[in-house]
Ligand code: GLA
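See below:
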């Protein structure tokens, strides 16, 4: 991403002597809607993110300029100062969550910009939260550890943006490491870096450009379904429940909750299968599980849409190894594991067939697994 215009805008609005911070969007190979169920996820940070030019201003006010929107916002740091602009809720929320954890912060000036496609399921909002959490923690010497920085982003979503998300996106954005996927146990918060460089394959995202917004969306309803079933099972999380246990309480839960839980239990197993397959270099199994996840998310969890089902079907027909909807759902991208020799024909076919059916081409993003939150200058 070209930082120069963002720096120039900062200089014009607020002057010199700034710092620059960045954080990343993410992909997730497998393990979807498992994080808030205490399960495993398998994300990696990508080379698309948010960049913020920032300087402490010695006041108790934040002055923020959203470069890509050409909009500014100014707000204080008390609970009643919540700004009107929805994009500013993320920055305001991060400030408030730092303060709630005892961080002593004051005002700052900032100009930020991003290249994570919005509503594509790649966590542009986590990138924004992590950038500011990381920057403020460093600039104000708050001494908050990295996990807590991720939780600051997650709490921002919960308390200021209306999305009861899990920890995956903010974790990936803060902890991302070049060339590595990360397997995170969302119950114990133990994690492991997995170097990911499948010889002979590429990972590519195909963006349907059906915009998703998790705010006020059925995302929170899915989470509530899982929590209801966990409660009936007498567990804190769905994690660890078996299909036998679920079947035993089938008549105590709704048909819909049963299907949601069935998906989550299946997804736990698929993450384990994918980890084992990756260790053996068995990409056929990885891909097979990806398709299973897609159809589980579509039929049981019901977070897909017609366009994404179509993209998964086109991928299958093209011989793509694995393809599935990625992220929270309700629009956005599929993530595809494609053999090198099939890559060009798959992209051409997916574009043409999608265009023929829906009147626009999908966007294609090659995935480069990159570092997470850090200071640039
Ligand atoms: C969104 C949420 C995450 C996670 C995914 C689905 O990205 O922010 O916490 O639940 O959906 O896996």
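In this note's numbering, the protein residues as written are 40 to 416. Think of the CB as a built atom: it goes at the ideal place given N, C-alpha and C, for glycine as much as any other residue.
### Query
Hey, would you say the C-beta of residue 72 is under 7 angstroms away from at least one heavy atom of the ligand GLA?
On the chain shown, residue 72 is found 33 positions in, with the first residue counted as 1. Under cutoff, so the answer is yes.
### Query
Between the segment 260-270 and the segment 42-49, do at least 3 Cβ pairs fall closer than 8 angstroms?
Counting Cβ pairs under 8 angstroms, fewer than three are found: no touch.
### heavy atom of the ligand GLA below 7 angstroms from residue 221 C-beta
Position 182 of the chain shown holds residue 221. No.
### Query
I think residue 93 touches residue 166, with their Cβ atoms under 8 angstroms apart; what is that distance to the nearest whole Å?
Residue 93 sits at position 54 when you count from the first residue of the chain shown. Residue 166 sits at position 127 when you count from the first residue of the chain shown. Actually they do not touch by this definition, with Cβ atoms about 15 angstroms apart.
### Query
Counting pairs of Cβ atoms below 8 angstroms between the segment 128-140 and the segment 167-180, do you hit three or more?
yes
### Task
Can you tell me which of the three DSSP states residue 177 falls into?
Here residue 177 refers to the residue found at position 138 when the chain shown is read from its first residue. In the structure shown, residue 177 sits in a helix (DSSP, three-state: H, G or I).
### Task
Could you spell out where the beta strand (DSSP E) holding residue 112 opens and where it closes?
As a working note, residue 112 is residue 73 in the chain shown. Taken as a continuous stretch (DSSP letters only), the beta strand (DSSP E) holding residue 112 covers 110-115.
### Task
Locate the beta strand (DSSP E) running through residue 234, then write down its first and last residues.
In the chain shown, the residue the question calls residue 234 occupies position 195. First-last of the beta strand (DSSP E) with residue 234: 230-234.
### Task
Apply the 10 Å Cβ neighbour rule to residue 109 and answer buried if 16 or more other Cβ atoms are within range, or exposed otherwise.
Along the chain shown, read from residue 1 onward, the residue named residue 109 stands at position 70. Exposed.
### Message
Mapping the DSSP letters down to three states, classify residue 130 as helix, strand or coil.
### Response
By one-based count along the chain shown, residue 130 stands at place 91. Helix, per DSSP.
### Query
In this structure, does DSSP put residue 264 in helix, strand or coil?
One-based indexing of the chain shown puts residue 264 at position 225. Three-state result, residue 264: helix.
#### Entry: First through last residue of the alpha helix (DSSP H) which encompasses residue 391
By 1-based counting over the chain shown, the position of residue 391 is 352. 379-397 is the extent of the alpha helix (DSSP H) around residue 391.
### Task
Note down the Cα distance separating residue 301 from residue 282, rounded to an integer number of angstroms.
Counting from one through the chain shown, the residue named residue 301 turns up at place 262. Counting from one through the chain shown, the residue named residue 282 turns up at place 243. Those two C-alpha atoms are separated by around 7 angstroms.
### Query
For residue 125, which three-state DSSP category applies?
Working through the chain shown from its first residue, we reach residue 125 at position 86. Residue 125 falls in the helix class under three-state DSSP.
### Query
Got a sec? Which residues, its chain only, sit under 7 angstroms from residue 418 by beta carbon, not counting five neighbours each side?
Summary: the structure shown does not reach residue 418, with the chain confined to residues 40 through 416, and so no result is reported for it.
### Proximity winner among 384, 375 and 371, relative to residue 155 (alpha-carbon distances)
Sequence index remark: in the chain shown, residue 155 carries index 116 (1-based). Residue 155 has its Cα closest to that of 371, out of 384, 375 and 371.
### Query
For the segment 155-223, which segments carrying the alpha helix (DSSP H) assignment without a break, of at least 4 residues, lie completely within its bounds, in sequence order?
163-178, 185-195 and 207-214
#### Entry: residue 88 - partner residues in DSSP beta bridges
The residue you call residue 88 lines up with position 49 of the chain shown. Bridge partners of residue 88: 63.
### Query
Would the C-beta of residue 132 count as close to the ligand GLA, meaning under 7 angstroms from any of its heavy atoms?
On the chain shown, position 93 is the one that residue 132 refers to. If you check the C-beta of residue 132 against the ligand GLA, you find no heavy atom less than 7 angstroms away.
### Task
Kindly list the residues whose CB is nearer than 6 angstroms to the CB of residue 120, restricted to its own chain and excluding five residues on each side of it in sequence; keep chain order.
Within the chain shown, residue 120 is the residue found at index 81, counting from 1. If we look at residue 120 and ignore the five residues flanking it on each side, its Cβ neighbours are 114.
### Message
For residue 400 and residue 349, what's the separation of their Cα atoms in angstroms?
### Response
Taking the chain shown and counting its residues from 1, the one referred to as residue 400 is at position 361. Taking the chain shown and counting its residues from 1, the one referred to as residue 349 is at position 310. One C-alpha to the other measures close to 13 angstroms.
### Query
Any chance the CB of residue 247 is under 7 angstroms from a heavy atom of the ligand GLA?
For this step, residue 247 is matched to residue 208 along the chain shown. Within 7 angstroms of the C-beta of residue 247 there is not a single heavy atom belonging to the ligand GLA.
### Query
Who are the Cβ neighbours of residue 250 in its own chain at under 7 angstroms, not counting the five residues just before and after it?
Here residue 250 refers to the residue found at position 211 when the chain shown is read from its first residue. Around residue 250: 158 and 370.
### Query
If you draw a straight line from the C-alpha of residue 339 to the C-alpha of residue 243, how long is it?
Position 300 of the chain shown, counted from the start, is the residue given in the question as residue 339. Position 204 of the chain shown, counted from the start, is the residue given in the question as residue 243. Distance between the alpha carbons of residue 339 and residue 243: 25 angstroms.
### Query
Whose CA, out of 49, 58, 54 and 52, lies closest to the CA of residue 414?
As a working note, residue 414 is residue 375 in the chain shown. Comparing Cα positions, the closest option is 58.
### Endpoints, the beta strand (DSSP E) within which residue 304 is located
Numbered from its first residue, the chain shown carries residue 304 at position 265. Secondary structure note for residue 304: it is in no beta strand (DSSP E), and the uninterrupted alpha helix (DSSP H) holding it is 294-318.
### Message
Rounding to the nearest angstrom, what Cα-Cα distance links residue 208 and residue 367 in this structure?
### Response
Taking the first residue of the chain shown as 1, we reach residue 208 at position 169. Taking the first residue of the chain shown as 1, we reach residue 367 at position 328. So the two alpha carbons sit approximately 10 angstroms from each other.
### Message
Let's see if you can read the secondary structure: which residues bound the beta strand (DSSP E) around residue 354?
### Response
Counting from 1 along the chain shown, the entry for residue 354 is found at position 315. Unbroken run through residue 354 is the alpha helix (DSSP H), 345-356; no beta strand (DSSP E).
### Query
Just the Cα atoms here: how many angstroms apart are residue 236 and residue 116?
By 1-based counting over the chain shown, the position of residue 236 is 197. By 1-based counting over the chain shown, the position of residue 116 is 77. Their backbone Cα atoms lie some 44 angstroms apart in a straight line.
### Message
If distances are taken between C-alpha atoms only, which option among 275, 278 and 298 comes closest to residue 286?
### Response
On the chain shown, position 247 is the one that residue 286 refers to. Of 275, 278 and 298, the residue nearest in Cα terms is 298.
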